[in-house]
Amino acid sequence: MLVGIAAGTVAGLLANQLAGGSEGLQWGVTNLTLPVGRIFIRLLLMLVVPLLFAALVMGVCELDMKQLGRLGVRTIGYTVVFSAIAVALGLVLVNLIRPGDGFNPEALQAAQKNPLALKAAPPPSSASPVGFLVAMVPDNPLRAAADGDMIGLIVFSLLFGAGLAVTQTPATLRLRETIQGLYDVMMRLIDGVLRLAPIGVAALLFSVTADLGAGILKNIAAYVFVVVLGLGLHMFGVYSLAVRFLGGRNPLGFFRDVRLAMVTAFSTASSNATLPTALKVAEENLQLPNHVSRFVLTAGSAMNQNGTALFEGVTVLFIAQVYGVQLSMGDQMVVMFICVLAGIGTAGVPAGSLPVIMMILGLFKIPVEGIGLILGVDRFLDMCRTTLNVTGDLAAAVYVARGESPSSASPESPAEPSV
0 MLVGIAAGTV AGLLANQLAG GSEGLQWGVT NLTLPVGRIF IRLLLMLVVP
50 LLFAALVMGV CELDMKQLGR LGVRTIGYTV VFSAIAVALG LVLVNLIRPG
100 DGFNPEALQA AQKNPLALKA APPPSSASPV GFLVAMVPDN PLRAAADGDM
150 IGLIVFSLLF GAGLAVTQTP ATLRLRETIQ GLYDVMMRLI DGVLRLAPIG
200 VAALLFSVTA DLGAGILKNI AAYVFVVVLG LGLHMFGVYS LAVRFLGGRN
250 PLGFFRDVRL AMVTAFSTAS SNATLPTALK VAEENLQLPN HVSRFVLTAG
300 SAMNQNGTAL FEGVTVLFIA QVYGVQLSMG DQMVVMFICV LAGIGTAGVP
350 AGSLPVIMMI LGLFKIPVEG IGLILGVDRF LDMCRTTLNV TGDLAAAVYV
400 ARGESPSSAS PESPAEPSV
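Oh and the sequence shown: position 47 is 46 in numbering that gives the first Met the number 0, straight run, nothing missing.
Here you go:
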């Protein structure tokens, strides 16, 4: 990946300096590097619908419905509120700092005129709040998926997962195994596609830097600064307040106790891989009741993705600024809403948020190939946002555990967490 990033960036900058604007360079970009990069993007887009459906359904139906009562309401409420805060914080920062400004305005026109441009998903059918709420519920989920109506697909997937969770028959158990199998296959395909990332990233970065020159590097550095600043403010600001006032604990002591889980999350960039360490930290260092830590952390590894939601919102607005696509306040509210919902289904694995970002880009007619701008720095940002995700799960467990006691665990609670 590093070789691909370096090769694509350096070659693109040299081409821009030596042959910028020439017909030969434009032919090479249009007929060679851009198609290779677009094929890489299309391979990822191809997997979005089945991956999103399977991840959302499994994320909901794997919740222990017997304990969903008090614990579930508090956990889901915390997840929605703090995910919304995270996305709102990211949107405020990206609007204030505007890391994507300063690009050549012809970049958007070139992307729109290019015959290889990807087909954008349709925009929301109504701008009014009532119309938007009505449009959220699809009359035909298959048509919603085919038309790119991802909001409708998300709503259907959440309802389907809830129905699957409360329907316990031999047939639904087999159906659950089938959907889990679909999810496993999609993740294996995603892993295979990402193995081609060095070639795809090199082609995308060459195409972008050959057209836009060295100015892109300044904007990417500003983008990284905005994401890291937002993650840092949310972790050490919002979570400190949550732990102190909702969990009744000293924030300094909390961060000291969870540092092992934070380091593991940063090094693996995977919420799922960090789950065993997070459970150990919650039960041994934070001294939380077992049934609370197992329920909240297991659900949170799939659903409580504050860092991912913030990252997705910032990335969408950054790429929109790069290509000169103006998003109204209403559009940004829709972006925030989708990011919060999609956080429930974002895979807790490295690069798991990229398909969701591409879906949102298509929804608002933002050139999807702009994802190539951030692929070079995504690994580092993935490590940072995963650290925030895991820390948020532990902060949620501290909040939910307040007022609980070990004796309140259900006698039927499993000895080991279900993953």
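The beta-carbon is built from N, C-alpha and C at its ideal position, and this holds for glycine as well. In this text the structure is predicted, and so the values were computed from the model without any measurement.
- Of all alpha-carbon atoms in A396, G89 and G160, the one lying nearest the alpha-carbon of R248 is that of A396.
- DSSP places T166 in the coil class of the three-state scheme, outside both helix and strand.
- In this structure, DSSP gives S206 a helical state, which the three-state scheme calls helix.
- When the Cα atoms are used, P49 and L17 turn out to be separated by approximately 44 Å.
- Measuring C-alpha to C-alpha distances from N94 to each of F265, T314 and D138 identifies T314 as the nearest.
- If you look at S82, you'll find it in the alpha helix (DSSP H) that goes V72 to I96.
- G391 carries a helical assignment under DSSP once its states are collapsed to helix, strand and coil.
- For V133, the closest C-alpha among the options G151, Q320 and L141 is that of G151.
- Burial of F52 is indicated by the presence of at least 16 other C-beta atoms within 10 angstroms of its C-beta.
- Between P98 and the set G7, R258, D381 and N218, the nearest pair of CA atoms involves N218.
- A distance of 8 Å or more separates the beta carbons of A202 and A14.
- Residue range L353 to L362 is occupied by the alpha helix (DSSP H) that includes G361.
- When secondary structure is reduced to three states using DSSP, L287 falls in the coil class, being assigned neither helix nor strand.
- Distance from the Cα of V321 is smallest, within the candidate group G369, V334 and D146, for G369.
- For S239, the three-state secondary structure derived from DSSP is helix.
- In the displayed model, I198 falls within a helix according to three-state DSSP.
- Per DSSP, the continuous alpha helix (DSSP H) segment holding N305 begins and ends at N305 to V321.
- Take the alpha-carbon of C60 and the one of I153: they are about 14 Å apart.
- Here the alpha carbon of A281 sits roughly 20 Å from the alpha carbon of V237.
- Secondary structure at Q325: coil, using DSSP grouped into helix, strand and coil.
- Remark: C-beta atoms of Y398 and A241 approach each other more closely than 8 Å.
- Between L309 and S292 the beta-carbon gap is near 24 Å, outside 8 Å, which marks them as no contact.
- The Cβ neighbour count for S156, taken over all protein chains shown within 10 Å, is at least 16; the residue is labelled buried.
- Residue environment for N30: exposed (fewer than 16 other C-beta atoms within 10 angstroms of its C-beta).
- At a Cβ-Cβ threshold of 8 Å, L326 and F363 count as neighbours.
- A direct Cα-to-Cα measurement between T78 and V200 gives close to 33 Å.
- Under the three-state reduction of DSSP, A18 is assigned to helix.
- Here S239 has P250 as same chain residues with Cβ atoms under 6 Å from its own Cβ, once five neighbours each way along the sequence are excluded.
- In the structure shown, A268 adopts coil according to DSSP, grouped into three states.
- Burial is judged here by how many other beta carbons sit within 10 angstroms of a residue's own beta carbon; E311 has at least 16 and is buried.
- With distances taken between CA atoms, A264 lies nearest to T385 out of T385, G180 and L172.
- Residue burial annotation: L172 is exposed, with fewer than 16 other C-beta atoms found within 10 angstroms of its C-beta.
- By the criterion of a C-beta distance shorter than 7 Å, L204 is surrounded in its chain by I4, G7, T8, G11, G371 and G375, once the five residues flanking it on both sides are discounted.
- In this model, L228 and D146 are separated by some 36 Å (Cα to Cα).
- V257 and D381 have their C-alpha atoms roughly 19 Å apart.
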